[in-house]
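J.: This is the structure I want to talk about, given as structure tokens.
Numbering (this note's numbering), first residue to last: 1 to 133.
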């Protein structure tokens with residue numbers, strides 16, 4: 001699943017200066033991620049990249065997100081804005097992830113991303129095919 005990393009934080013070890021934090025609190029850094037919609041089962045046919053869209057905001061207006069384990073982040077990814085309607089003037093390197101609603105997952109940005117995206121896709125297709133046989 002693709003998410004946008006918003007912040008990495010650590011829970012405090014002391015509360016109100018003197019109380020010890022609960023022992024069940026994780027000690028490692030925690031990332032907060034806002035989720036994009038889940039990918040379709042197949043890439044776009046004309047260029048072989050997956051379409052990535054922003055999730056529908058929740059009732060309170062916020063994007064769906066979660067605090068996850070840092071170790072669950074697999075890799076960074078390169079998102080290419082959908083230029084089919086042109087480039088909007090308000091898009092800058094600082095605002096494009098907020099202003100653009102559709103992106104393409106660039107599986108050609110590195111050998112590693114190509115292998116992980118395509119091999120994962122191929123693995124699931126093979127798994128589904130084997131289940132149907």
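From the three backbone atoms N, C-alpha and C, an ideal C-beta is built for every residue, glycine too.
1. Where in the stretch 44-113 do unbroken runs of the alpha helix (DSSP H), each at least 4 residues long, occur, reported from the N-terminal end onward?
2. Among residues of its own chain, excluding the 5 on either side of residue 28, which ones have a beta-carbon nearer than 7 angstroms to its beta-carbon?
3. Please go through the same chain and pick out, in chain order, the residues whose beta-carbon is closer than 7 angstroms to the beta-carbon of residue 80, but skip the five residues on each side of it.
4. Is the Cβ-Cβ distance between residue 30 and residue 10 less than 9 angstroms?
5. Do residue 61 and residue 134 have their beta-carbon atoms positioned less than 9 angstroms apart in this structure?
6. From residue 21 to residue 74, what distance separates their C-alpha atoms?
T.: On the basis of the data shown:
1. As summarised for the stretch 44-113, the continuous alpha helix (DSSP H) elements at least 4 residues long and confined to that stretch are 96-99, given in chain order.
2. 70
3. For residue 80, where only same-chain residues beyond five positions count, the Cβ hits under 7 angstroms are 103, 104, 106.
4. Against a cut-off of 9 angstroms, the Cβ pair of residue 10 and residue 30 comes out as a contact.
5. What the structure shows of the chain is the stretch from 1 to 133, and residue 134 is not part of that stretch, so it cannot be assessed.
6. 29 angstroms
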